[in-house]
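Notes follow the structure.
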Amino acid sequence: MPRRKGAPEVNAGSMADIAFLLLIFFLVTTTIETDAGLDRMLPPIEPPDTDVVIKQKNIFTVNINKNGQLLVEEQLMSLEDLKEAAMDFLDNGGAPSGSPEYCNYCKGSRDAS
Numbered sequence: 014m015p016r017r018k019g020a021p022e023v024n025a026g027s028m029a030d031i032a033f034l035l036l037i038f039f040l041v042t043t044t045i046e047t048d049a050g051l052d053r054m055l056p057p058i059e060p061p062d063t064d065v066v067i068k069q070k071n072i073f074t075v076n077i078n079k080n081g082q083l084l085v086e087e088q089l090m091s092l093e094d095l096k097e098a099a100m101d102f103l104d105n106g107g108a109p110s111g112s113p114e115y116c117n118y119c120k121g122s123r124d125a126s
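Numbering (my numbering), first residue to last: 14 to 126.
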């Protein structure tokens with residue numbers, strides 16, 4: 014009876030070496046393109062020790078105490094009156110002379126659509 018030949022074996026060590034060499038070859042020869050996005054002009058970084066000056070007239074203070082009451086500029090106020098007080102503060106005399114109306118941005122619609 015003739016002897017059967019077995020299937021030839023592939024040396025796994027050589028196969029791993031070839032795969033590793035191919036990986037190195039493609040990593041070295043491939044060019045990686047950098048993203049070309051929009052150029053932005055950012056403002057210069059301010060030194061950390063710079064103090065921002067905020068005028069006291071530009072601060073509108075609203076606090077809520079533990080009883081749920083509104084304190085606007087250290088005075089008790091209802092929620093309904095808060096809107097009027099905020100509009101007065103934002104308007105800051107911006108209405109045309111002789112006109113009791115507020116500025117345009119105080120009367121804007123809430124829906125942008």
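Even glycine gets a Cβ: it sits at the ideal position worked out from N, Cα and C. Note that the structure is a prediction, hence the values are computed from the model and not measured.
Distance from the CA atom of residue 18 to the CA atom of residue 26, rounded to whole angstroms, is 23 Å.
The three-state secondary structure of residue 85, taken from DSSP, is strand.
The residue from 34, 48 and 49 with its alpha-carbon nearest to that of residue 42 is 34.
A Cβ-Cβ distance of about 27 Å is found for the pair residue 95 and residue 65, leaving them out of contact under the 8 Å criterion. Residue 84 sits away from residue 92, with the two beta carbons spaced by 8 Å or more.
Taking each of 81, 80, 78 and 73 in turn and checking the Cα distance to residue 100, the smallest one comes out for 73.
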